[in-house]
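Shown next, in structure tokens, is the structure this report addresses.
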Amino acid sequence: MSHKAKKHLGQNFLQSQTIVEQIVETAEVTNKDRILEIGPGLGILTEELAKKAAHTTAIEIDQDLIPGLKNNPALARVEIINEDALQFTPPKTGKYKIVANIPYYITSPLITHFLTTENPPVSTTLLIQKEVAEKIVTDPPESILALQIQLYAEPTLAFLVPAKHFNPKPKVDSAVIHLETLQKNARTKNPEKILKLAKQAFSQKRKKLSNTLRDYKPQLTKLDLQDKRPQHLTIKDWEQLANNIK
Ligand code: SAM
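Encoded structure:
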């Protein structure tokens, strides 16, 4: 079936079987795994997941792609769901892994949607824009997205994927990141409180915290953070700050 790629849905389809295999290896998919794929597209990654995993569920927003996926004999065992992944309720129990090549603009909402649920995935392996991948692994976290992810997971940048491996070719290169979800409360008991403070501070990231978090000057001074900018705080610093604020 011929399909005209929809730009507004971030449709850049992978063309390389080698890259597909590398993604599945990075995710360490075994025949015991339940996989959730977001955005199967034309099904190149889905076919490999169907071969390697015990069960695969693939959620695709574009209804024009559904018949091609449902009629593909290589995907006979795959559950295909026509839904927006951001509205999809993840499994309430049991372990599962997310493996996906997603449009970069859903990176942040998608990670929030799945990592903050009662039953988050054990790991998330994503092919995303290279620049975003590099931002996510910064230590200390240099952006709200990096912090948001690192409060819930350990991210690693697995490998780069040049633009030539997609059709249509995106303007920028991509990369695969792997997020190992941490045990609940492993990093902090206060992720929501930290994120509330961090959002306020990162909204004017060039300013010192004594400016952006004015209401908490005594706590910032106590921790010697008053002259720092949000991108210089480690997760431990954020944790201490949140713990000192009622
Ligand atoms: N997995 C395929 C591949 O590697 O060739 C397609 C990847 S393409 C970058 C992203 C896919 O995600 C497209 O098929 C697009 O229609 C789908 N998509 C975009 N937004 C989505 C959403 N909110 N929920 C589910 N799928 C979405």
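Residue numbering for the sequence shown follows my numbering, starting at 2 and increasing by one per position.
Built from N, CA and C at the ideal position, the CB exists for glycine as well.
Roughly how many whole angstroms lie between the Cα atoms of residue i and residue j?
| i | j | result |
| --- | --- | --- |
| proline 74 | asparagine 212 | 60 angstroms |
| isoleucine 81 | glutamine 88 | 15 angstroms |
| proline 231 | lysine 209 | 8 angstroms |
| aspartate 225 | leucine 127 | 37 angstroms |
| isoleucine 195 | asparagine 13 | 35 angstroms |
| asparagine 186 | leucine 116 | 12 angstroms |
| proline 46 | alanine 134 | Checking the sequence, you will find leucine at residue 46 rather than proline. Computed Cα separation, rounded: 19 angstroms. |
| proline 129 | serine 175 | In the sequence under discussion, the amino acid at residue 129 is isoleucine, which differs from the proline named in the question. Roughly 5 angstroms between the two C-alpha positions. |
| glycine 44 | proline 91 | 21 angstroms |
| alanine 77 | leucine 152 | 37 angstroms |
| histidine 233 | proline 171 | 32 angstroms |
| isoleucine 39 | histidine 114 | 12 angstroms |
| alanine 199 | isoleucine 145 | 7 angstroms |
Within 10 Å of its beta-carbon, does residue i have 16 or more other beta-carbons around it, so buried, or fewer, so exposed?
| i | result |
| --- | --- |
| leucine 161 | exposed |
| threonine 94 | exposed |
| histidine 9 | exposed |
| lysine 7 | exposed |
| serine 204 | exposed |
| valine 100 | buried |
| glutamine 248 | Nothing can be reported for residue 248: it is not among the residues displayed for the chain, which extend from 2 to 247. |
| glutamate 143 | buried |
In chain order, what residues of the same chain lie with their CB nearer than 6 angstroms to the CB of residue i, ignoring the 5 residues before and after it?
| i | result |
| --- | --- |
| asparagine 245 | Gln220 |
| tyrosine 97 | Arg35, Leu37, Pro122 |
| glutamine 64 | Asn83 |
| asparagine 168 | Phe14, Gln16 |
| glutamate 48 | Ala75 |
Who are the Cβ neighbours of residue i in its own chain at under 7 angstroms, not counting the five residues just before and after it?
| i | result |
| --- | --- |
| alanine 147 | Lys136, Ile137, Thr139 |
| glutamine 297 | Outside the modelled stretch of the chain, which goes from 2 to 247, sits residue 297, for which no answer is possible. |
DSSP three-state call for residue i: helix, strand or coil?
| i | result |
| --- | --- |
| valine 30 | coil |
| leucine 161 | strand |
| asparagine 245 | helix |
| leucine 214 | coil |
| histidine 233 | helix |
| threonine 108 | helix |
Identify which residue in the options has its Cα closest to the Cα of residue i.
| i | options | result |
| --- | --- | --- |
| glutamate 181 | Ile67, Ala159, Ala6, Leu214 | Ala159 |
| tyrosine 105 | Ala28, Val177, Glu155 | Val177 |
| threonine 222 | Glu61, Gln241, Ile236 | Gln241 |
| lysine 52 | Lys33, Ile62, Glu61, Gly42 | Lys33 |
| glutamate 132 | Thr108, Gln184, Ala154, Thr57 | Thr108 |
Excluding the 5 residues flanking residue i on each side, which residues of the same chain have their C-beta closer than 8 angstroms to its C-beta?
| i | result |
| --- | --- |
| lysine 71 | Ile81 |
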